[in-house]
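Colleague: For the sequence shown, position 96 matches number 95 in numbering that gives the first Met the number 0, and the numbering has no gaps at all.
Using N, Cα and C, we set each Cβ at its ideal position, and we do this for glycine too.
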Amino acid sequence: MSASTPTSSGRIFICYRREDAAFPAGWLFDQLADQFGEGQVFKDVDSIQLGDDFFEEIATAVGSCAVLLALIGARWLTITGEEGRRRLDDPRGLGAAGDRGGVDA
């Protein structure tokens, strides 16, 4: 297994829902990476390596970032999971955990 991009102080974490804001998140990642360097910007699909523990990498990145940018699209509150439950209400859901982590930090 290869390690994900190491966390360091000053990192920027991009929090988004793929169903709602994948394109803007990708664009923002590219812009910030050009300005600050790719190693200073964390976006799940661009920063986590295949085989790494996804949830652990997200928790570490949220806990060590200096800036958390939450991209909230038109459907952010209403996107549902497979069970029809709002993903925001699922305490086991990654989005809820990441969103709370950013608010509580």
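With a CB to CB cut of under 7 angstroms and the five nearest residues on each side skipped, what residues in its chain are close to Lys162?
Modeller: Shown here, the chain extends from 0 to 104; a query on residue 162 therefore has no answer.
Colleague: Mind checking Ile57: buried by the 16 CB within 10 Å criterion, or exposed?
Modeller: By 1-based counting over the sequence shown, the position of residue 57 is 58. It counts as buried.
Colleague: According to the neighbour-count rule (16 or more other Cβ atoms, all chains shown, within 10 Å of its Cβ), is Arg74 buried or exposed?
Modeller: On the sequence shown, residue 74 is found 75 positions in, with the first residue counted as 1. With fewer than 16 Cβ atoms within 10 Å of its Cβ, Arg74 is classed as exposed.
Colleague: Mapping the DSSP letters down to three states, classify Arg86 as helix, strand or coil.
Modeller: Taking the sequence shown and counting its residues from 1, the one referred to as residue 86 is at position 87. Helix at Arg86.
Colleague: Looking at the structure shown, is Ile13 part of a helix, part of a strand, or coil, going by DSSP?
Modeller: Mapped onto the sequence shown, residue 13 falls at position 14. In this structure, Ile13 counts as strand in the three-state DSSP scheme.
Colleague: Taking its Cβ as the centre, do 16 or more other Cβ atoms sit within 10 Å of Ala65, making it buried, or is it exposed?
Modeller: Your numbering for residue 65 matches position 66 in the sequence shown. That one is exposed.
Colleague: Using the C-alpha atoms, what's the distance from Ser63 back to Glu37?
Modeller: Position 38 of the sequence shown, counted from the start, is the residue given in the question as residue 37. Position 64 of the sequence shown, counted from the start, is the residue given in the question as residue 63. Taking the straight line joining both Cα atoms gives about 16 angstroms.
Colleague: Find the nearest neighbour of Ile11 within the set Ala60, Gln48, Asp52 and Glu18, judged by alpha-carbon distance.
Modeller: The sequence position of residue 11 within the sequence shown is 12, counting from 1. Ranking Ala60, Gln48, Asp52 and Glu18 by Cα distance to Ile11 puts Ala60 first.
Colleague: May I have the straight-line CA-CA distance separating Phe54 from Ile47, to the nearest angstrom?
Modeller: For the purposes of this step, residue 54 is taken as the residue at position 55 of the sequence shown. For the purposes of this step, residue 47 is taken as the residue at position 48 of the sequence shown. Going by the C-alpha atoms only, they are around 10 angstroms apart.
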